[in-house]
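Colleague: Mind having a look at this structure? Questions to follow.
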Amino acid sequence: MDQLGFARPESQNVNDFAETGVTKERIPAMDGDILFYFTYETGDGKASELEKEWINDPLFQNLNVAKQGKVYKVSDTIWNTAGGVLAAHLMLDDIEKYFLQGQ
Numbered sequence: 001m002d003q004l005g006f007a008r009p010e011s012q013n014v015n016d017f018a019e020t021g022v023t024k025e026r027i028p029a030m031d032g033d034i035l036f037y038f039t040y041e042t043g044d045g046k047a048s049e050l051e052k053e054w055i056n057d058p059l060f061q062n063l064n065v066a067k068q069g070k071v072y073k074v075s076d077t078i079w080n081t082a083g084g085v086l087a088a089h090l091m092l093d094d095i096e097k098y099f100l101q102g103q
């Protein structure tokens, strides 16, 4: 993402791929110009339930990025678990689609 000119907001600038063990109190730190997220579903539906809970939380709905409609769910397979050249191209397709959509 750095090579595309993307930068995380300072509050999200961590060395790891993502923060773990995050609680809802950290939702305000998720704000940015655009937000891509994915949900890793294991088959029991719990991850999807948790996703809905977080997305519908008033703290999340109050984010500027949410108010501007620039929150996009992307494929966990493409953005997280697959890796490789094909997944990278599909990720770039997503980025292009969502950025062109906003213009």
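Those letters in the sequence shown? Residues 1 to 103, per UniProt numbering, in order.
Positions of the beta carbon are idealized from the N, C-alpha and C atoms, including for glycine.
Here the structure is a predicted model, which means the values were calculated and not measured.
(1) Evaluate the contact criterion for the stretch 88-97 versus the stretch 56-69: three or more CB pairs, one atom per stretch, below 8 Å.
(2) With distances taken between CB atoms, is the gap from lysine 67 to leucine 35 smaller than 8 Å?
(3) Let me make sure I understand the geometry here. Which of Tyr37, Ile78, Trp79, Pro9 has the alpha-carbon closest to that of tyrosine 72?
(4) In the DSSP assignment, what residue or residues form a beta bridge with leucine 35?
(5) Can you tell which of Thr39, Glu25, Arg26, Gly32 has the C-alpha that lies nearest to the C-alpha of threonine 6?
Modeller: With the structure as the only source:
(1) no
(2) By one-based count along the sequence shown, residue 67 stands at place 67. By one-based count along the sequence shown, residue 35 stands at place 35. Cβ distance not < 8 Å, so lysine 67 and leucine 35 don't count as in contact.
(3) Locating residue 72 in the sequence shown gives position 72, where the first residue counts as 1. Among Tyr37, Ile78, Trp79, Pro9, the Cα nearest to that of tyrosine 72 is on Tyr37.
(4) Working through the sequence shown from its first residue, we reach residue 35 at position 35. DSSP output for leucine 35 lists Val71 as bridge partner(s).
(5) Walking along the sequence shown from the start, residue 6 turns up at place 6. Sequence check: residue 6 is phenylalanine here, not threonine. Closest by alpha carbon: Gly32.
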